[in-house]
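As C-alpha coordinates, the structure follows; a few thoughts come after it.
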Amino acid sequence: MFPFHQRVALEPACVATARRFVDQTLAAWGVSEPAFDAQLVVSELVTNAMRHGGGAAQLRLLSHGAELACVVTDHSRTVPVATAPDVFSEFGRGLRLIDALCTTWGWLSPGGSRKLVWAVLAA
(Lines of atoms letter the chains of each structure in order from A and count residues from 1; the text may use other names and numbers.)
(Lines give C-alpha, C1' and ligand atoms only; values in the text may rest on other atoms or scores of the structure.)
Protein backbone atom coordinates (compact mmCIF):
# COMPACT_ATOMS: atom_id res chain seq x y z
CA MET A 1 0.00 0.00 0.00
CA PHE A 2 1.23 3.49 -0.85
CA PRO A 3 -0.48 6.49 0.81
CA PHE A 4 -0.31 9.81 -1.02
CA HIS A 5 0.36 12.73 1.30
CA GLN A 6 -2.29 15.41 1.01
CA ARG A 7 0.20 18.09 -0.01
CA VAL A 8 1.35 16.12 -3.09
CA ALA A 9 -1.87 14.31 -4.03
CA LEU A 10 -2.68 16.88 -6.71
CA GLU A 11 0.85 17.37 -8.06
CA PRO A 12 1.93 15.69 -11.31
CA ALA A 13 5.03 14.32 -9.55
CA CYS A 14 2.82 11.89 -7.63
CA VAL A 15 2.29 9.96 -10.91
CA ALA A 16 6.03 9.29 -11.19
CA THR A 17 6.11 8.30 -7.51
CA ALA A 18 3.28 5.83 -8.16
CA ARG A 19 5.16 4.30 -11.11
CA ARG A 20 8.25 3.84 -8.93
CA PHE A 21 6.09 2.15 -6.29
CA VAL A 22 4.84 -0.27 -8.97
CA ASP A 23 8.41 -1.08 -10.04
CA GLN A 24 9.65 -1.59 -6.50
CA THR A 25 6.67 -3.70 -5.44
CA LEU A 26 6.71 -5.96 -8.49
CA ALA A 27 10.49 -6.40 -8.20
CA ALA A 28 10.09 -7.36 -4.52
CA TRP A 29 7.44 -9.91 -5.55
CA GLY A 30 9.69 -11.28 -8.29
CA VAL A 31 7.12 -10.35 -10.95
CA SER A 32 8.37 -8.61 -14.08
CA GLU A 33 5.99 -9.51 -16.92
CA PRO A 34 3.21 -6.95 -16.34
CA ALA A 35 5.49 -4.13 -15.06
CA PHE A 36 5.21 -1.80 -18.08
CA ASP A 37 1.45 -2.27 -18.46
CA ALA A 38 0.98 -1.88 -14.70
CA GLN A 39 2.90 1.41 -14.82
CA LEU A 40 0.64 2.69 -17.60
CA VAL A 41 -2.52 1.64 -15.80
CA VAL A 42 -1.42 3.15 -12.49
CA SER A 43 -0.37 6.36 -14.27
CA GLU A 44 -3.84 6.69 -15.78
CA LEU A 45 -5.65 5.84 -12.53
CA VAL A 46 -3.59 8.32 -10.50
CA THR A 47 -3.92 11.03 -13.17
CA ASN A 48 -7.70 10.54 -13.20
CA ALA A 49 -7.74 10.76 -9.39
CA MET A 50 -5.84 14.06 -9.63
CA ARG A 51 -8.03 15.54 -12.37
CA HIS A 52 -11.46 14.27 -11.44
CA GLY A 53 -11.27 12.83 -7.93
CA GLY A 54 -9.91 15.61 -5.77
CA GLY A 55 -6.48 13.96 -5.59
CA ALA A 56 -5.12 10.47 -5.11
CA ALA A 57 -5.38 9.20 -1.54
CA GLN A 58 -3.91 5.70 -1.78
CA LEU A 59 -2.50 3.16 -4.23
CA ARG A 60 -2.64 -0.59 -3.64
CA LEU A 61 -1.27 -3.44 -5.68
CA LEU A 62 -2.71 -6.89 -5.08
CA SER A 63 -1.46 -10.12 -6.59
CA HIS A 64 -3.55 -13.26 -6.75
CA GLY A 65 -2.48 -16.17 -8.90
CA ALA A 66 -1.95 -14.91 -12.43
CA GLU A 67 -3.66 -11.55 -11.84
CA LEU A 68 -2.45 -8.18 -10.63
CA ALA A 69 -4.94 -5.62 -9.35
CA CYS A 70 -4.15 -1.91 -9.22
CA VAL A 71 -6.44 0.05 -6.89
CA VAL A 72 -6.44 3.84 -6.49
CA THR A 73 -8.53 5.58 -3.85
CA ASP A 74 -9.45 9.22 -4.43
CA HIS A 75 -11.42 11.94 -2.63
CA SER A 76 -14.60 11.87 -4.71
CA ARG A 77 -17.64 9.69 -5.27
CA THR A 78 -17.91 10.76 -8.91
CA VAL A 79 -18.14 7.70 -11.15
CA PRO A 80 -15.45 7.37 -13.85
CA VAL A 81 -16.86 7.45 -17.37
CA ALA A 82 -15.01 6.35 -20.49
CA THR A 83 -15.79 8.94 -23.14
CA ALA A 84 -15.13 8.95 -26.86
CA PRO A 85 -12.76 11.86 -27.48
CA ASP A 86 -12.62 13.53 -30.84
CA VAL A 87 -9.39 13.39 -32.80
CA PHE A 88 -8.31 16.84 -31.50
CA SER A 89 -9.08 16.18 -27.83
CA GLU A 90 -6.11 16.44 -25.48
CA PHE A 91 -7.73 14.31 -22.77
CA GLY A 92 -10.23 11.47 -22.51
CA ARG A 93 -8.30 8.39 -23.59
CA GLY A 94 -7.12 7.06 -20.21
CA LEU A 95 -9.99 4.76 -19.39
CA ARG A 96 -9.97 3.41 -22.95
CA LEU A 97 -6.28 2.56 -22.47
CA ILE A 98 -7.08 0.83 -19.17
CA ASP A 99 -9.87 -1.08 -20.86
CA ALA A 100 -7.49 -2.24 -23.61
CA LEU A 101 -4.72 -3.36 -21.23
CA CYS A 102 -6.79 -4.94 -18.47
CA THR A 103 -9.03 -7.98 -18.22
CA THR A 104 -11.53 -5.90 -16.23
CA TRP A 105 -11.83 -2.61 -14.35
CA GLY A 106 -14.40 -0.78 -12.29
CA TRP A 107 -15.06 1.25 -9.18
CA LEU A 108 -16.57 1.01 -5.72
CA SER A 109 -17.96 3.70 -3.45
CA PRO A 110 -17.62 2.12 -0.02
CA GLY A 111 -19.18 5.11 1.70
CA GLY A 112 -17.99 8.44 2.91
CA SER A 113 -16.43 10.81 0.43
CA ARG A 114 -14.05 8.40 -1.33
CA LYS A 115 -14.13 5.84 -4.09
CA LEU A 116 -11.86 3.04 -5.26
CA VAL A 117 -11.06 2.64 -8.94
CA TRP A 118 -9.51 -0.73 -9.76
CA ALA A 119 -8.09 -2.49 -12.77
CA VAL A 120 -6.94 -6.12 -13.16
CA LEU A 121 -4.04 -7.16 -15.37
CA ALA A 122 -3.05 -10.68 -16.35
CA ALA A 123 0.36 -11.27 -14.76
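Just so we're aligned: 111 in full-length UniProt numbering is position 111 of the sequence shown, and the numbers increase by one with no gaps anywhere. Every residue, glycine too, gets a C-beta built ideally from N, C-alpha and C.
Can you tell me the Cβ-Cβ gap for L73 and L116, rounded? I've got them flagged as a contact below 8 Å. Here residue 73 is taken as the residue at index 73 of the sequence shown, counted from 1. Here residue 116 is taken as the residue at index 116 of the sequence shown, counted from 1. Sequence check: residue 73 is Thr here, not Leu. Correct: roughly 5 Å between the Cβ atoms.
For S109, count neighbouring Cβ atoms within 10 angstroms of its own Cβ and tell me buried if that reaches 16, exposed if not. On the sequence shown, residue 109 is found 109 positions in, with the first residue counted as 1. It counts as exposed.
For a minimum of 3 consecutive residues, which ranges assigned as the beta strand (DSSP E) are wholly contained in the stretch 46 to 77? 56 to 64 and 67 to 74
Using only alpha-carbon positions, find the residue among D23, A84, T25 and A18 that is nearest to V42. Walking along the sequence shown from the start, residue 42 turns up at place 42. Closest by alpha carbon: A18.
With a 10 Å radius around its C-beta and 16 neighbouring C-beta atoms as the bar for buried, classify A69 as buried or exposed. Walking along the sequence shown from the start, residue 69 turns up at place 69. The residue is buried, with at least 16 neighbouring Cβ atoms inside 10 Å.
Applying the 10 Å Cβ sphere with the 16-neighbour rule, what's the burial state of E33? For the purposes of this step, residue 33 is taken as residue 33 along the sequence shown, with counting starting at 1. It counts as exposed.
Which residue's Cα is closest to the Cα of A119: D23, T78, S76 and L59? What you label residue 119 is simply residue 119 of the sequence shown in a count that begins at 1. With distances taken between Cα atoms, A119 lies closest to L59.
Measuring CB to CB, does F45 end up less than 9 Å from A35? As a working note, residue 45 is residue 45 in the sequence shown. As a working note, residue 35 is residue 35 in the sequence shown. In the sequence as displayed, the identity of residue 45 is Leu instead of Phe. Result no, Cβ atoms of L45 and A35 do not sit closer than 9 Å.
In three-state DSSP terms, what is F21? The residue labelled residue 21 in the question sits at position 21 within the sequence shown. F21: helix per DSSP, three-state reduction.
Tell me which same chain residues have a C-beta within less than 7 Å of the C-beta of G94, skipping the five on either side of it? Translated into positions along the sequence shown, residue 94 becomes position 94. So the qualifying residues of the chain are E44, T47 and N48.
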